[in-house]
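Protein chains in written order, with my numbering: chain R, -17 to 226; chain A, -17 to 226.
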C-alpha cells in the first residue's frame, strides 16, 4: 500500500462541508466513493482541513492509502473523469508512509472575499459576501494588526470546537482591494472552528464603524466568544493552500 | 406610460437563453414575471440581444413601458428583491419614448473566456471553455486580424439565423492572456447568430495549429458556414456591454 497526497479544489456550494455526515452530502463522501470506483475497494481519506458547509477550496490536501496500481500522474485524470464537475483533483503524488495531511500541515492559507459592489456580482454570488455599505479599510487593517502573532484565539472560536489548546499563530492577515472586490488573506499555523469567519465578521463591524479598531485587541484578550462580532457567511471563505 | 431602460447581469447557466420559449425557462420569462409582480400587470421587455442558451450577461439592456409609479432608482432594489439570485438589475433609468434597446444599439461588446489551466478551474466551470492543449496565441491574433472591419460574416453565421443582411462591422477583436485565463473581446455594431462563438471556435483551431491563420481570411471570403470551425461552447460567452 502506498500513501498518496492529493491536492483538490472544490466549489463548496452544494456540500455540507468536507467531513462525512450520515444524512447530508459532503465532499469526503463523494471523493471516497470516486476512489472506491477507481480502486474497487473502500478507501478513507484524511483531510488537512475540515472545511465547513458552503466553504470552498482551491488547495485542500488529503492523503489516503491505496495499492500502487495507478501512478500519481494518472490519478487526477482518472478521478476527475469520475468526480462531479464541482470537485477537481489538481495534483497527486506518492508521499512517505508517515505523511498525514492534517497532522503534518505547517500552515494554511485562507482567503475571505467580500463583494463590495453596490449590487451583488452575479458571478460571485456563491463565492463572496456582498456588502454595499461603506467600509473603512484602514480601520479594518488596524483592527487586523492586533491579531497577528501567537495568541489565544478562544474569543474567535465558535461553540462546537473541541481542541485542547486554543493558542494559534496568525503569521499574516492581509487586506487587499481590487475594483469592487476586497480579499482578506489569512496565513496561520492552524485555525480554530470558524475562526477566520469570526475574525472577518468582527473586522467588518470595525469597517462599518460599529466598533473601534482597538476593540479587536480587547476581544482577543477577553477570550470570550460573546464579545466578538457575527460569523461571516461561509460562501466567502476558501482554503487556498496548505503548506508542509 | 414611461419607457424604462434596464441594465442587467445574469448567469445564463440555468436558462435556455434570453428569449421567451413555451417549454423552457428563459431570462425573459423570469424578468417579465418579476415585472408583473411589481406592477400588477403584464409587461413585455425588448432586449438589446437575444443571448443563447447558457450564454451570460454583465450588461444586457432591455426597455419596457410601464406606469411611472416607481422611480428609476427604486426599480433595481424592488426587482432584485423579487428576482432569483442569478439575475441582477444593475441600473434603471427613464428613457425617451422612442428608445428601443435592440434597434438603437450602436455597438455591443462580448467577451469569450478560455480557461487555459491544465485542469479546469472549478470556479469557472460554467463561465469558461477549458482547453489544456497548447494554444499559439500569436497565430490566433493574426487570424483574428483578418476579421476586423466591415465584412459579410455569413461564413460565421449558424443556420437558424434569419437576417436580411449578413454584413457587420467588427470594430475590434482583442486577445488577452492573464495567468491561466485567455479572454477574447469582440466589439462590433452587431453580431449574427452564434457569430462570436463560431469565430472563437475557428480561432481556437488556428491556435491548435489545425488551421493556418490565413485560412480565416479565406473562410470569411467563402461566405460558407461549412468552411469555418466548430461553434465554441455557450458557457464561455458573455454580453459585457451595449453601447448607444
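All C-beta atoms, glycine included, are put in the ideal place defined by N, C-alpha and C.
Pick helix, strand or coil for residue 37 of chain R, following the three-state DSSP scheme. Translated into positions along the first chain, residue 37 of chain R becomes position 55. Residue 37 of chain R: coil per DSSP, three-state reduction.
Report back the beta-carbon spacing between residue 220 of chain A and residue 31 of chain A to the nearest angstrom; my notes put them in contact at under 8 Å. Here residue 220 of chain A refers to the residue found at position 238 of the second chain. Here residue 31 of chain A refers to the residue found at position 49 of the second chain. With a Cβ gap of about 11 Å, residue 220 of chain A and residue 31 of chain A do not count as contacting.
Return helix, strand or coil for residue 119 of chain R, following the three-state DSSP convention. As a first step, residue 119 of chain R must be located in the first chain, where it is residue number 137. In the displayed model, residue 119 of chain R falls within a helix according to three-state DSSP.
Who are the near neighbours of residue 57 of chain R in its chain, counting only those whose CB is closer than 6 Å to its CB and skipping five residues on each side? Sequence index remark: in the first chain, residue 57 of chain R carries index 75 (1-based). Answer for residue 57 of chain R: 74, listed in chain order.
Cβ neighbours of residue 170 of chain A in the same chain (closer than 7 Å, five flanking residues each side left out): Numbered from its first residue, the second chain carries residue 170 of chain A at position 188. Annotation for residue 170 of chain A: 89, 90, 150, 151, 152, 153 place their beta carbon closer than 7 Å to its own, counting only its chain and skipping 5 residues before and after.
Go through its chain and collect everything with a Cβ distance to residue 199 of chain A's Cβ below 8 Å, but skip five positions before and after it. Here residue 199 of chain A is taken as the residue at index 217 of the second chain, counted from 1. Excluding the 5 residues flanking it on each side, residue 199 of chain A has same chain C-beta neighbours closer than 8 Å at 128, in chain order.
What did DSSP end up calling residue 221 of chain R once you bin it into helix, strand or coil? To locate residue 221 of chain R, count along the first chain from 1; it is residue 239. The answer is strand: DSSP assigns residue 221 of chain R an E or B state.
The alpha helix (DSSP H) spanning residue 73 of chain R covers which residue range? The residue you call residue 73 of chain R lines up with position 91 of the first chain. No alpha helix (DSSP H) holds residue 73 of chain R; the beta strand (DSSP E) holding it covers 69 to 77.
Whole runs of the alpha helix (DSSP H) within the region 85 to 145 of chain R, excluding any shorter than 4 residues: Here the runs fully enclosed are 119 to 127.
With DSSP as the reference, label residue 5 of chain A as helix, strand or coil. Your numbering for residue 5 of chain A matches position 23 in the second chain. Note: residue 5 of chain A maps to coil in three-state DSSP.
Whole beta strand (DSSP E) runs in the region 150 to 183 of chain A with 3 or more residues, listed along the chain? As far as the region 150 to 183 of chain A is concerned, its whole beta strand (DSSP E) runs of at least 3 residues are 163 to 170.
Which partner residues of residue 46 of chain A appear in the DSSP bridge assignment? The residue you call residue 46 of chain A lines up with position 64 of the second chain. Residue 46 of chain A pairs with A:-14.
Can you tell me the Cα-Cα spacing of residue -13 of chain A and residue 174 of chain A, whole angstroms? In the second chain, counting from the first residue as 1, residue -13 of chain A sits at position 5. In the second chain, counting from the first residue as 1, residue 174 of chain A sits at position 192. So the alpha carbons of these two residues sit roughly 24 Å apart.
Check distances from the C-beta atoms of the region 109 to 127 of chain R to those of chain A and list, in chain order, the residues that come in under 7 Å. Across the region 109 to 127 of chain R, CB contacts with chain A closer than 7 Å involve 109, in sequence order along the chain.
Determine the burial state of residue 10 of chain A: buried for a count of at least 16 other Cβ atoms within 10 Å of its Cβ, exposed for fewer. Counting from 1 along the second chain, the entry for residue 10 of chain A is found at position 28. Residue 10 of chain A should be labelled buried.
Sequence-distant residues of the same chain with beta carbon closer than 6 Å to residue 125 of chain A, five excluded per side: For the purposes of this step, residue 125 of chain A is identified with residue 143 of the second chain, where counting begins at 1. Cβ neighbours of residue 125 of chain A within its own chain (closer than 6 Å, five residues either side excluded): 185, 188, 195, 198.
Same chain, Cβ closer than 6 Å to residue 193 of chain A, neighbours up to 5 away in sequence not counted: Within the second chain, numbered from 1, the residue matching residue 193 of chain A stands at position 211. Non-local C-beta neighbours of residue 193 of chain A in its own chain, meaning closer than 6 Å and more than five positions away in sequence, comprise 187, ordered along the chain.
Hey, does residue 224 of chain R have any beta-carbon neighbour from chain A nearer than 8 Å? The count along the first chain starts at 1 and reaches residue 224 of chain R at position 242. Residue 224 of chain R does not count as touching chain A.
What residues in the region 11 to 30 of chain R bring their beta carbon closer than 9 Å to a beta carbon of chain A? Those residues of the region 11 to 30 of chain R that come within reach of chain A (Cβ to Cβ, closer than 9 Å) do not exist; the list is empty.
Assuming the contact rule is C-beta atoms closer than 8 Å, residue 113 of chain A and residue 130 of chain A should be a hit. Round their C-beta distance to whole Å, please. Against the second chain, residue 113 of chain A aligns to sequence position 131. Against the second chain, residue 130 of chain A aligns to sequence position 148. Their Cβ separation, rounded to whole angstroms, is 23 Å, which puts residue 113 of chain A and residue 130 of chain A out of contact at 8 Å.
With DSSP collapsed to three states, give me the class of residue 21 of chain R. Here residue 21 of chain R corresponds to residue number 39 of the first chain, with the count starting at 1. Correct three-state label for residue 21 of chain R: helix.
Using beta carbons (cut-off 8 Å, strictly below), is residue 52 of chain A in contact with chain R? As a first step, residue 52 of chain A must be located in the second chain, where it is residue number 70. Residue 52 of chain A does not count as touching chain R.
Taking C-beta pairs closer than 9 Å, name the residues in chain A that residue -3 of chain R reaches, listed in chain order. Position 15 of the first chain, counting from 1, holds the residue named residue -3 of chain R. Chain A residues near residue -3 of chain R: none, gap ~12 Å exceeds 9 Å.
Rank A:98, A:122, A:191 by C-alpha distance to the C-alpha of residue 156 of chain A and give the top, closest one. Indexing the second chain from 1 puts residue 156 of chain A at position 174. Selected option, being the one with the closest Cα: A:122.
Compare the Cα-Cα distances from residue 37 of chain A to each of A:224, A:214, A:226 and report the closest residue. For the purposes of this step, residue 37 of chain A is taken as the residue at position 55 of the second chain. Of the listed residues, the one whose Cα sits closest to residue 37 of chain A is A:214.
Would you check if the distance between the CB atom of residue 100 of chain A and the CB atom of residue 62 of chain R is smaller than 8 Å? As a first step, residue 100 of chain A must be located in the second chain, where it is residue number 118. As a first step, residue 62 of chain R must be located in the first chain, where it is residue number 80. Contact flag unset, no.
Start and end residues, alpha helix (DSSP H) containing residue 200 of chain R: As a working mapping, residue 200 of chain R is identified with position 218 in the first chain. First-last of the alpha helix (DSSP H) with residue 200 of chain R: 197 to 204.
Length of the line joining the Cα atoms of residue 133 of chain R and residue 66 of chain R: Residue 133 of chain R sits at position 151 when you count from the first residue of the first chain. Residue 66 of chain R sits at position 84 when you count from the first residue of the first chain. Straight-line Cα distance between these residues: approximately 40 Å.
Rounded straight-line distance, which links the Cα of residue 162 of chain A to that of residue 225 of chain R: If you number the first chain from 1, residue 225 of chain R lands on position 243. If you number the second chain from 1, residue 162 of chain A lands on position 180. Cα to Cα, residue 225 of chain R sits roughly 22 Å from residue 162 of chain A.
If you draw a straight line from the C-alpha of residue 140 of chain A to the C-alpha of residue 205 of chain A, how long is it? Reading the second chain from its first residue, position 158 is the one you call residue 140 of chain A. Reading the second chain from its first residue, position 223 is the one you call residue 205 of chain A. The alpha-carbon of residue 140 of chain A is positioned some 12 Å away from that of residue 205 of chain A.
Residues of the region 88 to 105 of chain A with Cβ closer than 8 Å to any Cβ of chain R, in chain order: The region 88 to 105 of chain A vs chain R, Cβ under 8 Å: 101, 102, 103, 104, 105.
Contact residues within the region -17 to 9 of chain A, judged by C-beta distance below 8 Å to chain R: -9, -8, -7: these are the residues of the region -17 to 9 of chain A whose beta carbon lies less than 8 Å from some beta carbon of chain R, given in chain order.
Give the residues of chain A in contact with residue 58 of chain R, contact being defined as C-beta atoms less than 7 Å apart. Reading the first chain from its first residue, position 76 is the one you call residue 58 of chain R. Chain order gives the chain A residues near residue 58 of chain R as 101, where near means a beta carbon separation below 7 Å.
Less than 8 Å between the C-beta atoms of residue -17 of chain A and residue 47 of chain A, yes or no? Here the question's residue -17 of chain A lines up with position 1 in the second chain. Here the question's residue 47 of chain A lines up with position 65 in the second chain. For residue -17 of chain A and residue 47 of chain A, yes; Cβs fall inside 8 Å.
Identified DSSP bridge partners for residue 28 of chain R: Here residue 28 of chain R is taken as the residue at index 46 of the first chain, counted from 1. Bridge partners of residue 28 of chain R: R:45.
For residue 83 of chain A: DSSP bridge partner residues: Along the second chain, one-based indexing puts residue 83 of chain A at 101. According to DSSP, which records beta bridges pairwise, residue 83 of chain A is partnered with nothing at all.
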